[in-house]
Structures are given as C-alpha cells and as structure tokens.
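Following: one structure in structure tokens, then a few remarks.
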Amino acid sequence: MTALLETDDLEVHYKKSGLLGGEREVVRAVDGVSIRIRQGECLGLVGESGCGKSTLGRALLRAAPITGGSVRFGGTDITRLSGRSLRTVRSRMQMVFQDPYGSLDPKMPVEEIVGEPIRTHQRVGRAVRRTRVGELLETVGIDPARMGDRPHQFSGGQRQRIAIARALAVRPEFILCDEVTSALDVSIRAQILNLLKELRQEHGLTFLMISHDLGSLRHLSDDIGVMYLGRIVELGPARAVFDAPAHPYTQSLLSAMPLPDPDKERARNRIVLKDDVPSPLAIPSGCRFHTRCFLRDRLGTPDRCAAQEPALRPLPDGRTVACHFAEEAAAAPSRPASQPAPETDRCP
Ligand SMILES: Nc1ncnc2c1ncn2[C@@H]1O[C@H](COP(=O)(O)OP(=O)(O)O)[C@@H](O)[C@H]1O
Ligand code: SF4
Ligand SMILES: [Mg+2]
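Quick note, in the numbering used here, the sequence shown goes up one by one and the last residue is 349.
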C-alpha cells in the first residue's frame, strides 16, 4: 500500500541562547526520524514525556520548524512548501490535542467552533454550513440541538468529541491525535478510542496517534513506533511489538502497562528505569538510552553501548530496532513466561 505520509531523516533542532549570552545550545527535539504511514492506517507513537513526539507530529503538519530531512504527503515533498500550496496541504491534515478545553475558544458556540474550518477552507453559505455542522456533531455523538452551547457546558469527553468534529469538518485525509485520551477517565477514554476507530473504518482516515501510554495505542494502531530522545528506537507491526518487544526501552514501557486480570497484574514484572529522560540539550554518547539501560547492566555494561550509536536495523520478523544487542534483548524478555502479552485489537 502506498504511503500517505513519509519522513526521511527528519530533524527539528531548536537553537537556545546559552547562559550569560554564551554559545548557543541546540535542543535536538527530533533527531533523524524516518517513518511511513500508509493510506488508511494508524501509526501509534509512544515514548516518555519530552522524547519529541509532539514536535515530530507538528513537523509532519509543518507546524514545527524543520531543520533537516524531509516530509512527503500524498507523494509530494512538503518540506518547504509555503503560501497557498501549504494551506491546501494543511486542509488535508488536521490535529486533535490532549486538552480540548485549551484548544476550543470558550467564548464561541459549538456551531462557530466546528464551522470555522469550513468557513476558512470552503465557500459555502451559512445555511449549508449549519447543516454540515449538525451532521458532524451527529457523527461524533453530540446532539445537534446543542450547537448553540459553549465548551464549558459540555463534559471533558464531549469536548473531545467536539474537537474531533472540528477536525473532520474539512474532510481531511490525515488526523494527528496527540494524547487525545490522556486527560480523560478510563471509561470515557474507551468511548473516544471507539469513536476514532469507527471514523477510521467509515471514512478511511489515516492516523498518527501519539501517547505516552502504550495501552491507549493498542486498539487502533497497525504499527507502533517507540521514540526515545528524538529518535525511533523500535518500529514494527503492533502485534509484534506488544507480543515480543525487542528494545529494552520498549520492554520497560510495556512492563508499566496495567493488565486487566488481577492475578496477572500482581505477577507483573515491572521494569522501573533509573533517572529521568536526559535533556535533549545533552544527548548521551553512543546509544542514547545507555545511561538508563538495564540490559547493558545485565550484559556487564559493554563499552560499545556508550561509544557507538546503534543503527535502526531490521530483525527477521520485519521490525526495526536500534540496539546492538536486540537479539539478546528479544531472547530474554522482561515479561515472565507466565504473563502473556496483552491482546492487540487491530482494525480490519
Ligand atoms: N519551541 C521549542 N523550543 C525549544 N524547545 C522545545 C520547543 N518545543 C519543544 N521543545 C523541547 O523539545 C523536547 C521534546 O518536546 P515534545 O516534542 O513536546 O516531547 P513529547 O511530546 O514527547 O513530550 C522537549 O525537551 C521540549 O522541551
Ligand atoms: S545498545 Fe546497549 S545501551 Fe542501547 S539499548 Fe541496546 S543494550 Fe541498551
Ligand atoms: Mg507531547
């Protein structure tokens, strides 16, 4: 299947002035990322806070400054588009964020909020726009009779539905969902994920779903990308990543995922990583994960980890992993044999 979105060695580096006017420092927020999202598919992107997920997502929509590499959308290189061509491409891509309260203007009625992108991108009269807003609200499960209400009159889950209706307003092909369920209660979270799944099936949408929590990615993702300090460290089919994570970082993220069965939950073998994510101003030498890697410790802290950056290389099952010792990691997974991998639930 052809790729709708593709990046090649994409970089977003921010220059920061050093202390007391000293030398400028560079925040390597996205540091050489190559991904492909096929038409109609969903890539789940996971990693701890500060790993560059949102910056990567925004760079795909040309909403973060690209300092290296390229982005292709629908076969066109959009890295340096500007003016009307950029606006046209942007209308085919939309974003939904974690906090709909922050992104929905509190003073505007829902009719205006959802209708605004239609007014910006399409020349239609008010009556047509109103009908379309009503249809969109119905699509996301909001009573169209409430289109005169303002955001504070809705619950958190309903506000997220309104944000999704707004994103759908110009019939985009691609939607970036950045931590869309992170601020919601567990039960509401499942409803929003189900809504996204239905929309994807009905409209053939292509998604990038970003989350710091692997659990909220497994219902929708065809592929999972694991991001650490600006780079992808593991990328592959969701089932393979969930069933047998090969990078020690992926193993630690998966081990933190609660299991629905209380017995299995009790037996869960959590890997708690030491320290926090290092600053992207000072990325560790060699393998950028080496300062926190339990496998390196288990293998007797090999020098190679601190000296040589591992390339993202394919394993026999088609996954790519950036670890010199991926085979050893995959052979000695963190999860005990008594604790099966959680079921993935892919869209057909
Ligand atoms: N506009 C900016 N200027 C400087 N640094 C930034 C900017 N935006 C993000 N960063 C830095 O880039 C890193 C990655 O941030 P972000 O993409 O938000 O990560 P994530 O979404 O994974 O939490 C962080 O260290 C953040 O502070
Ligand atoms: S290359 Fe070394 S430090 Fe990096 S993940 Fe693999 S074992 Fe750990
Ligand atoms: Mg983020």
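Virtual Cβ for every residue (Gly too), placed ideally from N, Cα, C.
Close beta carbons around residue i, own chain, < 7 Å, minus the five adjacent residues each side
i           : result
residue 93  : 173, 174 and 175
residue 41  : 205 and 207
residue 158 : 185, 189, 192 and 193
residue 326 : 296 and 300
residue 306 : 287, 288, 291, 294, 297 and 325
residue 145 : 135, 138 and 139
residue 272 : 252, 253, 256, 295 and 335
residue 16  : 25 and 27
residue 75  : 5
Contact with chain D by residue i, beta-carbon distance below 7 Å
i           : result
residue 233 : Of the protein chains in this structure there is only one, and it is not chain D.
Cα-Cα separation, residue i to residue j
i           : j           : result
residue 300 : residue 179 : 36 Å
residue 26  : residue 284 : 12 Å
residue 316 : residue 290 : 19 Å
residue 53  : residue 128 : 42 Å
residue 169 : residue 126 : 19 Å
residue 303 : residue 309 : 11 Å
residue 24  : residue 18  : 7 Å
residue 135 : residue 106 : 19 Å
residue 88  : residue 262 : 48 Å
residue 353 : residue 43  : No statement about residue 353 is possible, as the shown extent of the chain runs from 2 to 349 and does not include it.
residue 343 : residue 242 : For residue 343, the predicted model reports a pLDDT of 40, less than 50, meaning its position is unreliable; a value from the coordinates is still stated below. Near 11 Å, if we compare the C-alpha coordinates of residue 242 and residue 343.
residue 39  : residue 275 : 36 Å
residue 200 : residue 314 : 34 Å
residue 181 : residue 196 : 12 Å
residue 95  : residue 2   : 22 Å
residue 156 : residue 328 : 47 Å
residue 160 : residue 321 : 37 Å
CB of residue i within 7 Å of CB of residue j, strictly
i           : j           : result
residue 60  : residue 13  : yes
residue 123 : residue 184 : no
residue 187 : residue 162 : no
residue 137 : residue 171 : no
residue 58  : residue 177 : yes
residue 139 : residue 278 : no
residue 355 : residue 119 : Lying outside 2 to 349, the shown extent of the chain, residue 355 is not represented and no answer is given.
residue 47  : residue 212 : yes
residue 97  : residue 166 : no
residue 330 : residue 245 : no
When the options are compared against residue i, the one with the closest alpha-carbon
i           : options             : result
residue 319 : 105, 2, 197 and 239 : 239
residue 121 : 85, 154 and 215     : 85
residue 67  : 76, 321 and 56      : 56
residue 28  : 313, 321 and 282    : 282
residue 236 : 97, 160 and 323     : 323
residue 311 : 275, 280 and 234    : 234
Cβ shell of residue i (< 6 Å), same chain only, five flanking positions each side left out
i           : result
residue 45  : 210, 218, 222 and 225
residue 37  : 4 and 7
residue 258 : 215 and 216
residue 280 : none
residue 73  : 7
residue 51  : 278
residue 117 : none
Same chain only: Cβ atoms within 8 Å of residue i, ignoring 5 sequence neighbours per side
i           : result
residue 71  : 8, 9, 10, 11, 78 and 80
residue 340 : With a pLDDT of only 39 at residue 340, under 50, the local geometry of the prediction cannot be trusted, and the value read off the model is given with reservation. For residue 340, where only same-chain residues beyond five positions count, the Cβ hits under 8 Å are 260, 265, 268, 269 and 270.
residue 154 : 147
residue 69  : 10, 11, 12, 14 and 33
residue 82  : 63 and 90
residue 103 : none
Cβ-heavy atom distance, residue i to ligand 4, below 6 Å
i           : result
residue 209 : Ligand 4 is not among the ligands present in this structure, which contains only ligand 1, ligand 2 and ligand 3.
Requested in this report: Count the C-beta pairs between the region 293-311 and the region 247-260 that are closer than 8 Å, then say yes if the count reaches three, no if not.
Outcome: Yes, the region 293-311 touches the region 247-260.
Query raised in the report: Taking three-plus beta-carbon pairs below 8 Å as touching, is the region 229-247 in contact with the region 28-40?
Result: Contact holds: three or more Cβ-Cβ distances are below 8 Å.
Report task. Assess, as a yes-or-no matter, whether the region 102-120 is touched by the region 143-161 under the definition of 3 or more beta carbon pairs within less than 8 Å. Result -> Flag = yes, the region 143-161 and the region 102-120 touch.
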